[in-house]
Amino acid sequence: MTVSPRVSGASRIPLAQPNIGPREIELVTKVLSSDVLAMGPYTEAFEEALAELSGRRHAIACSSGTAGLHLAIRALGIGAGDEVITTPFSFVASSNCVLFERAIPVFVDIEEESLGLDPELVEQAATERTRALLPVHVYGNPCRIEELESLARTHSWALIEDSCEALGGSLNARMLGSFGDASVFAFYPNKQITTGEGGMVLTDDDALAERLRSLRNQGRDADGTWMHHIQLGFNYRIDEMSAALGVAQLERLAELRAGRNAVIGYYAEALSGRDWVRPPRLAPGTEVDWFVYVVRLDPAIDRDGLVGQLMDRGVPSRPYFSPIHLQPFYAEQFGYGPGSFPITERIARSTLALPFSSRMEEGAVAEVVAALDDAVAEQGRP
Ligand SMILES: Cc1ncc(COP(=O)(O)O)c(C=O)c1O
219 MTVSPRVSGA SRIPLAQPNI GPREIELVTK VLSSDVLAMG PYTEAFEEAL AELSGRRHAI
279 ACSSGTAGLH LAIRALGIGA GDEVITTPFS FVASSNCVLF ERAIPVFVDI EEESLGLDPE
339 LVEQAATERT RALLPVHVYG NPCRIEELES LARTHSWALI EDSCEALGGS LNARMLGSFG
399 DASVFAFYPN KQITTGEGGM VLTDDDALAE RLRSLRNQGR DADGTWMHHI QLGFNYRIDE
459 MSAALGVAQL ERLAELRAGR NAVIGYYAEA LSGRDWVRPP RLAPGTEVDW FVYVVRLDPA
519 IDRDGLVGQL MDRGVPSRPY FSPIHLQPFY AEQFGYGPGS FPITERIARS TLALPFSSRM
579 EEGAVAEVVA ALDDAVAEQG RP
């Protein structure tokens, strides 16, 4: 059977692109020529390397970020009717993981600058059924996690840190992924590093780590005895090819990050002097390894129209995010509609993810910005 790579429509410049080099090919090939394709040394090495990078006692690799979030919810004992306070300005998986356990995601609106869950709004959303906070570091940029951590401690709620977009970032010199009782990273090909599909849960709690390992592996006990299942679990394991890819990508993290930083610099330069577009900003004390490049547009620009105009010029772009509470099944199940979370909705109308990857060249950035200028001019510029 011949499988051809999919080539996307009219666009010349990819929206995102993995960066795979000889080291990745070397390690994945080593796995393929070994007899160990799952639960082997690369899974362990990948876990150890990420635990060290994040300063955590335990790292448990799994099959996706979504699987990692689900494992965290289940391992923390959050179940039917429990409430988890979270953000509607995220990828749908960060609240789906709550629904998987028949618990209830309780949304609160976001804060303008970090685009994360607003700590000021948390207590008014809490009830006696609140069990956890689940904030998200949007695009890799830290939310106000220190304040959320202290709220969680005060109220004895669990803190589940969705760091799926935030590998390598830090707040006041503390790594993102080190705040939660459980913190989760994701490695889809658009992320800072990729394993194809893959995720990682991090924790400092020995008992929680043991539950996470068991739940990931069909509910087996700690020694992984083949046909001995102590609880209902899942197959959320990562395979060795993916883990080897992860090990090689982590070895190259600084190089990949330098590539992304260069692209951020090209965009900052190319977009300067335009009052209708706001490039991403860094708050004091934050270090970010951006995983997407999202600008905010003047509200007078028809953002959805712009996406089509850019595509006509060979430049893919995406609204990012589309609020979770307005996804059809959330709106239907919980009765949300336009106006439920006004800050989220206003910001979501103005965000645009532009092509971005560690491999992007300055000329491609110039092409994107030229297309943007042209499309905005066609709209009769605000
Ligand atoms: C904020 C957030 N949470 C969760 C996920 C889920 O990760 P995955 O796609 O690996 O399941 C993503 C992935 O894009 C994400 O951006």
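Here this note's numbering = 1-based position in the sequence shown + 218.
Just so you know, even glycine gets a beta-carbon here, dropped at the ideal spot from N, CA and C.
It should be emphasised that the depicted structure is a prediction, and the values quoted were computed from it without experimental measurement.
Relative to the C-alpha of Phe452, which candidate in Ala462, Thr443, Gly464, Arg438 has its C-alpha closest?
Arg438
If we count Cβ pairs, one from each stretch, closer than 8 angstroms, do we get three or more for the stretch 266 to 280 versus the stretch 415 to 434?
yes
Below 8 angstroms on the Cβ atoms is my guess for Ala400 versus Leu426; work out the distance and round it to an integer in Å.
7 angstroms
Contact test: Thr284 Cβ vs ligand 1 heavy atom, cutoff 7 angstroms:
yes
Does the Cβ of Cys382 lie closer than 7 angstroms to at least one heavy atom of ligand 1?
yes
Helix, strand or coil: which one does DSSP assign to Phe309?
coil
Taking Cβ positions, are Gly387 and Gly358 nearer each other than 8 angstroms?
yes
With distances taken from CA atoms, which of Glu319, Thr421, Phe574, Thr304 is nearest Glu341?
Thr304
Per DSSP, what kind of secondary structure is Arg521 in: helix, strand or coil?
helix
Please find out if some non-hydrogen atom of ligand 3 comes closer than 7 angstroms to the beta-carbon of Leu287.
Among the ligands in the structure shown, ligand 3 does not appear; only ligand 1 can be found there.
Beta-carbon gap between Arg349 and Glu301 smaller than 8 angstroms:
yes
Check this for me: beta carbons of Ala566 and Ser332, under 8 angstroms apart or not?
no
Taking DSSP as the reference, what is the three-state secondary structure of Leu335?
strand
Could you name each continuous alpha helix (DSSP H) segment of 4 residues or more that falls completely within the stretch 518 to 560, going from the start of the chain to the end?
521 to 530, 546 to 552
Identify every run of the alpha helix (DSSP H) within the stretch 560 to 594, keeping only runs that are complete inside it and at least 4 residues long; order them along the chain.
560 to 568
Ser308 CB to nearest heavy atom of ligand 1 below 7 angstroms
yes
Is any non-hydrogen atom of ligand 1 found closer than 7 angstroms to the C-beta of Ser312, if you look at the structure I gave you?
yes
For Ala638 and Leu570, I'd like the C-alpha separation in whole angstroms.
Absent from the model: residue 638. The displayed extent of the chain is 219 to 600, so no value can be given.
Burial state of Phe547 (16 or more Cβ within 10 Å):
exposed
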